[in-house]
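Just so we're aligned, residue 307 is where the sequence shown starts under this note's numbering, counting upward by one.
This report concerns only the one structure given below.
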Amino acid sequence: MSESTSKTSTEHQPPLSPDMIGFRLLKLTNLLSRPFFGKFAAQHELSLNEWRTMVVLASRPGSAAQDVATATGVHPMNISRALAGLRKAGRVEEARDPDNHRRTLLWLTRSGEKLYREIAPYSEKQAERLLVTLSATEIAALARIVDKLIARAEEIVGADEE
């Protein structure tokens with residue numbers, strides 16, 4: 307057998323390809339967020355990062371912008387832009403942190419809470435529709451794997467920013 311015929315098909319692929327697990331995770335994220343753009347983004351003039359920010363503030367009221375960036379993995383500059391849009395739309399309010407006057411704490415306004423309650427059930431339903439294909443054991447394993455990958459990605463990003 308010649309050397310060229312003994313190589314596996316993966317050896318002929320470029321180093322970066324759509325078959326890589328990271329690329330496939332991005333595809334999954336894009337597919338999951340696609341209905342958001344079709345159903346809610348234009349109707350409510352809401353970006354995906356604004357929505358992600360609202361999700362964090364709904365579950366962790368009184369968070370600072372840096373807390374939102376950490377919870378979402380979105381770059382702080384993009385969270386800052388999302389917050390500017392949410393402020394302009396009257397969906398978030400803020401106050402100085404009484405323990406650290408350099409920090410600003412954030413909450414959803416009534417308008418923001420109302421919009422969150424409108425969209426959240428749809429997002430939860432989408433997640434249920436996706437995960438129904440997995441057993442409880444597979445979901446638990448997936449959660450552990452995703453947590454492990456997130457922790458490693460945070461280490462890598464932290465090291466790259468030093």
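Using N, Cα and C, we set each Cβ at its ideal position, and we do this for glycine too.
Whole-angstrom C-beta distance between residue j and residue i, which should lie under 8 Å
i, j, result
"leucine 412", "histidine 350", "Actually they do not touch by this definition, with Cβ atoms about 19 Å apart."
Alpha-carbon spacing of residue i relative to residue j, whole angstroms
i, j, result
"glutamate 356", "alanine 388", "5 Å"
"threonine 410", "threonine 378", "18 Å"
"alanine 371", "alanine 449", "26 Å"
"leucine 337", "lysine 454", "22 Å"
"glycine 396", "leucine 363", "14 Å"
"glycine 464", "aspartate 403", "25 Å"
"arginine 435", "valine 452", "19 Å"
"leucine 322", "leucine 414", "41 Å"
"glutamine 432", "valine 438", "10 Å"
"alanine 401", "valine 374", "15 Å"
"serine 365", "methionine 326", "33 Å"
"isoleucine 499", "asparagine 384", "Residue 499 falls outside the range modelled here, since the chain spans only 307 to 468, and no answer is possible."
"lysine 382", "arginine 416", "Note that residue 382 is proline in the sequence shown, not lysine. Roughly 25 Å between the two C-alpha positions."
"threonine 376", "phenylalanine 346", "24 Å"
"leucine 332", "leucine 440", "19 Å"
"alanine 459", "alanine 348", "32 Å"
"aspartate 466", "glycine 328", "18 Å"
Spatially closest choice to residue i from the options, by CA coordinates
i, options, result
"serine 369", "Leu455, Thr439, Ser429, Asn406", "Asn406"
"glycine 418", "Gly328, Ile456, Arg358, Leu437", "Arg358"
Q.
Three or more C-beta pairs under 8 Å: does that hold for the stretch 336-348 against the stretch 422-432?
A. Yes: at least three Cβ pairs fall under 8 Å.
Q: Take every Cβ of the stretch 441-449, pair it with every Cβ of the stretch 388-402, and state whether three or more of those distances are shorter than 8 Å.
A: By the Cβ rule, the stretch 441-449 does not count as touching the stretch 388-402, because fewer than three pairs are nearer than 8 Å.
Q. Along the chain, which unbroken stretches of the alpha helix (DSSP H) at least 4 residues long are found entirely within the stretch 373-428?
A. You should have 382-394.
(Q) To test your reading of the DSSP string, which unbroken alpha helix (DSSP H) runs of 4 or more residues are found completely within the stretch 318-349? (A) As for any alpha helix (DSSP H) of minimum length 4 sitting wholly inside the stretch 318-349, the runs are 327-342, ordered along the chain.
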